[in-house]
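In our numbering, the protein residues as written are 12 to 179. Heads up, the beta-carbon is just placed ideally off N, CA and C, and yes, glycines get one too. Here is the structure we will look at, set down as structure tokens.
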């Protein structure tokens, strides 16, 4: 019946992309879940608060009714935690691909709260994070750093250009 409907009505059958989003909240204990959602087509978006210093210790944050409540502080900086996630992703990809990693990037670091930063500060953060990755084993699967202005999402022509890049 499907073949008949397609041939009779000339319906184009295009594959429909499927998107699963796993939000691990950055907590180090969720690194253990990584193998559960790793596939050969996985893209990792690593989010961080660009308005905070990457050399500060990582602290979990909880929001209730719009109010921010700091949680557990761990003895690792935000930058070190980002590197740890990237290294873990790289290690799992290498194992999953049996040592032959594909040569296309799989990770993008996205700094939020870009609306609180000047263009110069955004560039500085992007350059510093990118530079910190250059000599790492996972550098080849890292695409770029994007810092987004949270206040412009979905605002048409007023939207931060970075969102357009991320949607591509």
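For residue i, three-class secondary structure by DSSP
i	result
residue 147	coil
residue 93	helix
residue 139	helix
residue 66	coil
residue 77	coil
residue 88	strand
residue 71	strand
Boundaries (first-last residue) of the alpha helix (DSSP H) holding residue i
i	result
residue 47	45-48
residue 173	172-178
Neighbour-count burial assignment, residue i, 16 or more Cβ in a 10 Å radius
i	result
residue 133	buried
residue 167	exposed
residue 59	buried
residue 33	exposed
residue 54	exposed
residue 44	exposed
CB contact flag (residue i, residue j, <8 Å)
i	j	result
residue 124	residue 71	no
residue 88	residue 126	no
residue 171	residue 159	yes
residue 121	residue 56	yes
residue 90	residue 128	no
Cβ distance (whole Å) where residue i is taken to contact residue j below 8 Å
i	j	result
residue 80	residue 118	In fact, because the Cβ distance is near 29 Å, the residues do not count as touching under 8 Å.
residue 101	residue 148	6 Å
Minimum Cβ-Cβ distance from residue i to chain D less than 8 Å
i	result
residue 61	The structure shown contains no chain D; it is built from a single protein chain.
Continuous beta strand (DSSP E) stretch holding residue i: start and end
i	result
residue 122	118-123
residue 58	55-60
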